[in-house]
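Under this note's numbering, the first sequence has 280 at position 181, and the numbering climbs by one with no breaks. Notes follow the structure.
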Amino acid sequence: MGRAPCCDKANVKKGPWSPEEDARLKAYIEEHGTGGNWIALPQKIGLKRCGKSCRLRWLNYLRPNIKHGGFSEEEDNIICNLYISIGSRWSIIAAQLPGRTDNDIKNYWNTRLKKKLLGRRKQSNINRSPSGQSEDHLKDAEDAHALSSSALERLQLHMQLQSLQNPFSFYNTPALWPKLHPLQEKMIQTLLDP
DNA sequence: AATCGCTGCAACCGCGCGTCG
DNA sequence: TCGACGCGCGGTTGCAGCGAT
Numbered sequence: 100m101g102r103a104p105c106c107d108k109a110n111v112k113k114g115p116w117s118p119e120e121d122a123r124l125k126a127y128i129e130e131h132g133t134g135g136n137w138i139a140l141p142q143k144i145g146l147k148r149c150g151k152s153c154r155l156r157w158l159n160y161l162r163p164n165i166k167h168g169g170f171s172e173e174e175d176n177i178i179c180n181l182y183i184s185i186g187s188r189w190s191i192i193a194a195q196l197p198g199r200t201d202n203d204i205k206n207y208w209n210t211r212l213k214k215k216l217l218g219r220r221k222q223s224n225i226n227r228s229p230s231g232q233s234e235d236h237l238k239d240a241e242d243a244h245a246l247s248s249s250a251l252e253r254l255q256l257h258m259q260l261q262s263l264q265n266p267f268s269f270y271n272t273p274a275l276w277p278k279l280h281p282l283q284e285k286m287i288q289t290l291l292d293p
């Protein structure tokens with residue numbers, strides 16, 4: 100027996116949101132808030148949508164102060180650095196970039212940044228090792244290095260800034276950190292042991 | 001002009017976790 | 001203590017738009 104579905108799939112509309120649906124959802128939340136219950140919300144406002152879908156729509160598009168596209172170089176750097184240190188914890192990364200959503204960052208990473216970095220990596224591999232003798236683990240190490248020492252410096256500064264602002268922050272609580280690749284562990288260790 | 005392949009984005013799905021009765 | 005429920009998250013999919021052929 101599987102998990103019960105969160106809503107009645109047969110009576111729920113899927114696919115792109117219409118301007119009218121957006122307007123209804125936005126107007127209701129701005130006036131009443133979510134009421135702490137996304138599942139009940141679509142019924143209250145007469146939308147044939149799943150509660151989760153409403154939540155996603157609000158968080159990613161209708162919320163005030165949402166920025167779309169046009170990621171700056173600085174934001175690129177922050178995303179890369181955080182990805183190195185914590186992996187695909189998009190919500191944590193999004194928390195460091197005001198106005199950005201985890202979905203946006205995730206898409207941006209998967210469609211552009213990853214390729215951008217892989218491009219850089221290929222380039223640096225070509226420049227570095229014409230003999231092509233590198234083994235897999237060496238390549239992994241080089242991948243990490245391809246992100247450059249300046250990336251590490253930026254990450255270090257960022258972590259220091261966070262810990263100054265909040266002594267109990269995520270960065271100062273190793274128990275909260277997710278399981279990392281051994282290389283990532285090593286990188287973090289070098290940052291913590293100057 | 002037609003069609004094919006690629007890219008980027010919006011949205012869905014399923015799972016883990018926390019809360020509450 | 002346990003099960004049901006809802007929320008939040010990360011991974012994945014579907015599709016529209018666009019450029020190349």
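No residue lacks a Cβ here, since even glycine has one placed at the ideal position from N, Cα and C.
What number of angstroms, rounded off, separates the C-alpha of residue i from the C-alpha of residue j?
i: L146; j: N202; result: 23 Å
i: I192; j: G169; result: 17 Å
i: A126; j: R211; result: 34 Å
i: I185; j: K213; result: 15 Å
i: I178; j: H167; result: 15 Å
i: E173; j: D107; result: 43 Å
i: R148; j: P141; result: 6 Å
i: S190; j: W208; result: 13 Å
i: Q195; j: G114; result: 30 Å
i: K112; j: S187; result: 30 Å
i: E119; j: I183; result: 41 Å
i: G134; j: S171; result: 35 Å
i: N206; j: K215; result: 13 Å
Out of the options, point me to the one whose CA is closest to residue i's CA.
i: D175; options: A139, W157, I204 and R156; result: I204
i: E130; options: G114, C105 and I144; result: I144
Measuring CB to CB, does residue i end up less than 7 Å from residue j?
i: G198; j: N164; result: yes
i: R162; j: W116; result: no
Residues in its own chain within less than 7 Å of residue i by CB, not counting five upstream and five downstream?
i: W137; result: G150, K151, C153 and R154
i: L158; result: T200
i: I128; result: W157
Return the chain-ordered list of same chain residues with a C-beta closer than 6 Å to the C-beta of residue i, the five sequence neighbours on each side being excluded.
i: Y160; result: none
i: L181; result: I192
By Cβ distance below 8 Å, which residues in the same chain neighbour residue i in space, the five residues on each side in sequence not counted?
i: C105; result: I138, C149, G150 and K151
i: W110; result: Note on identity: in this sequence residue 110 is Asn, with Trp being the wrong assignment. Within the same chain, N110 has close Cβ partners K147.
i: D121; result: R156, Y160 and L161
i: R123; result: I144, G145 and L146
Give the list of continuous alpha helix (DSSP H) stretches no shorter than 4 residues that lie fully inside the segment 126-191. Fully enclosed alpha helix (DSSP H) runs of 4 or longer: 140-143, 150-156 and 172-185.
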